[in-house]
Amino acid sequence: MIATLLFITAAVLQKMALILIVFAITLGIAAYSTYGERKVAAFIQDRLGPDRAGPFGILQPLADGVKMFTKEDFIPEGSNRLLFILGPGVFIFVALMTSAVIPWGTVFTGFGLNLDLQVTDVNIGILYVMGFVSLGVYGIMIGGWASNNKYSLFGAIRASSQMISYELAMGLSLIAVIMLTGTLSLRGIADGQAGTWLGFIPQWNVIAQPLGFFIFFICALAETNRAPFDLPECETELVGGYHTEYSAMKLGFFLFAEYINMFISSAVIATVYFGAYHFPGINPDWMWGLMGTIVIFAKTFFFIFVFMWIRWTLPRFRYDQLMHLGWKVLIPLAILNMLLTGGASLLF
Amino acid sequence: MTFWERIYLPAILGGLWTTLKHFLKTLFGKASTVRYPDEKREFAPVYRGWHVLKRDDQGRENCTACGLCAVACPAEAITMEAAERQKGEENLYREEKYAAVYEINMLRCIFCGLCEEACPKEAIFLTDRLVPSDYVRQNFIFGKELLVEGVEPEKRIDVSKRQKHVTEAR
């Protein structure tokens, strides 16, 4: 009886600790993504970037945070106060929720406990991610609408139509992966990619699903409102889009949530298409399991870099081009990919 | 457009390659920019900036307030008032006449260097110092306190490179 209670307490404490750690790491990475973004932008433009706060400017996110907190928190006249405050809250909440199902490493067993580096292994993990990602648009929509500003409203409308359009192709490209792996659980998808072909080619989904990965990646760019799909917030046309009227930490929440989204999207790409914590030559148990955690973070950081790299290379799409790409190119391609995958799995 | 051009991907990859080259160049090499207040770029030896009114090697002002620089100045930036040297001031001014007031309006000055060429006494030179920015127009009218170099050796301003250039220009 007491043993069972202790066991349950230990399990609960372990999960609580894990949730806190994942939360802190997500926030930390989001904060340092802003620094990374500025550095990558600077290097691509042959500049040095922020280097005043601390060595190489590594304290810059702290300074930015202090700035965000001490700015005047302005709520415009004629705005809906409650929704205006709710908007950024919803956005960052939804962004943070998705980190719960990412498997950050293998399950460690010892002392009668299973230390699972995934906060929760929902058996429909990938659907959970898709669901929460699509909820994210509510934060933008509420914030943009409550601002009582035409630019904000334009930004919010653009965001919602863009997200709806690209979620279709994203879902269709994921279906092909699910057909291959036969599971919706992210842990299952990750473990399905262990091992190698011919001893050196990793059995990652990207090898079997190059087109699917390509579509998913483009849709991830669009879902996170990153350039070249940053139409909801394009500074040049919409003065900041849905967060035009926001200031201080409310604006900070919006910007922060975008970086969290980018981090989670990169983690999902790494998990679904690039073998999560698997890497040829790494055996996922104990010490090597820790290596697996490093591996998944390395993959995630690589994709964060690619997101930034693309942002500072490509100009923004025009709105009709965006819609054309989403509906007339990516969705047919995703359906074709799905049919090919289905045909191939019937044949082999 | 051909199909190859219509799918844009080759162009996009080309663009990514270009930015990657710049990224790596800055990461492992050197940025094109400098960290300005800490680090300054080398100026050309003939750079024309903030003027200096020179003293001779005994610390006496070279300027005799002849007014040739003011006449030569195309922007009419220079004004001066002449005064006669009194007894006991021989250690301050080289000749019997000197400039009691000498002002250059740095907002009017176009830093052409004609004042140097006009000067018969080698009294005025342009240097590689930048005129600092300011909020008030009045502060751009530089008087003698900002133009005349110090008497002490460490406060002297080296214009030898510029001097050579001016001599050649004459």
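Protein chains in written order, with my numbering: chain A, 133 to 480; chain B, 6 to 175.
Don't be surprised by glycine CBs; every beta carbon is placed ideally from N, CA and C.
Nothing here was measured: the structure is a model prediction, and the numbers come from that model.
Is it buried or exposed for His456 of chain A, if we count other Cβ within 10 angstroms and need 16 for buried? exposed
Within 9 Å (strictly less), CB to CB, does Phe8 of chain B reach chain A? no
For the region 194-204 of chain A against the region 356-372 of chain A, do three or more pairs of beta-carbon atoms, one drawn from each stretch, fall closer than 8 Å, so that the two count as touching? no
Taking only runs that begin and end inside the region 301-388 of chain A, name each unbroken alpha helix (DSSP H) of 4 or more residues, in chain order. 318-323, 337-340, 342-355 and 367-370
Report the three-state DSSP secondary structure of Phe155 of chain A (helix, strand or coil). helix
Does Ile109 of chain B get closer than 9 Å to chain A when you measure Cβ to Cβ? no
Identified DSSP bridge partners for Val106 of chain B: B:Glu86
Looking only at its chain, what residues have a beta carbon closer than 6 Å to the beta carbon of Ala399 of chain A, apart from the 5 residues adjacent to it on each side? Ile234 and Thr432
Taking Cβ-Cβ distances below 8 Å as the criterion, which residues of the region 435-461 of chain A are in contact with chain B? Trp441, Ile442, Trp444, Thr445 and Leu446
Which one of B:Thr23, B:Gly64, B:Asp43 and B:Lys166 has the shortest CA to CA distance from Glu159 of chain B? B:Gly64
Between the alpha carbons of Phe48 of chain B and Cys117 of chain B, how many angstroms are there, rounded? 16 Å
Determine the direct distance from the alpha carbon of Ser397 of chain A to that of Thr376 of chain A, and round the result to whole angstroms. 25 Å
Per DSSP, Leu58 of chain B forms a beta bridge with which residues? B:Ile129 and B:Val153
What residues from chain A crowd round Gly20 of chain B, counting only those whose CB sits closer than 8 Å? Thr445 and Leu446
Of all Cβ atoms in chain A, is any one closer than 9 Å to the Cβ of Arg40 of chain B? yes
Which runs of the beta strand (DSSP E) fall wholly inside the region 237-297 of chain A and span at least 3 residues, in chain order? 239-242 and 245-248
Can you name, in chain order, every residue of its own chain whose Cβ lies under 7 Å from the Cβ of Pro464 of chain A, other than the five neighbours on each side? none
What would DSSP say about Glu66 of chain B, mapped onto helix, strand or coil? strand
If you measure between the beta carbons of Leu135 of chain B and Cys78 of chain B, is that distance less than 9 Å? no
Please classify Ile162 of chain B: does DSSP put it in a helix, a strand, or coil? coil
Taking Ile176 of chain A as the query, report the chain B residues whose CB atoms sit under 7 Å from its CB, ordered along the chain. Thr24, His27 and Phe28
Taking only three categories from DSSP, how would you classify Ile115 of chain B? coil
Would you mind working out which of B:Gly93, B:Glu157 and B:Asp133 sits nearest Arg46 of chain B, comparing C-alpha positions? B:Asp133
Would you mind telling me which residues of chain A sit closer than 7 Å to Ala36 of chain B, beta carbon to beta carbon, in chain order? Asp178, Arg179 and Leu180
Roughly how many whole angstroms lie between the Cα atoms of Ala104 of chain B and Ala88 of chain B? 6 Å
Pick helix, strand or coil for Tyr409 of chain A, following the three-state DSSP scheme. coil
Any idea what DSSP makes of Phe147 of chain B, helix, strand or coil? strand
Quickly, what does DSSP pair Tyr98 of chain B with across the bridge? List them, please. B:Glu66
Please decide whether Val309 of chain A counts as near chain B, where near means a Cβ-Cβ distance under 9 Å. no
Is DSSP giving Ile207 of chain A helix, strand or coil here? coil
Reduced DSSP secondary structure (H/G/I, E/B, other) of Gly189 of chain A: helix
When you compare the CB positions of Tyr405 of chain A and Gly275 of chain A, do they come within less than 9 Å of one another, or not? no
Go to Cys74 of chain B, then tell me how far its alpha helix (DSSP H) extends in each direction, as first and last residue. Leu73 to Ala77
Helix, strand or coil: how does DSSP classify Ser138 of chain B here? coil
Counting only C-beta atoms, is Asp183 of chain A closer than 9 Å to chain B at any point? yes
Ile161 of chain A - DSSP class collapsed to helix/strand/coil: helix
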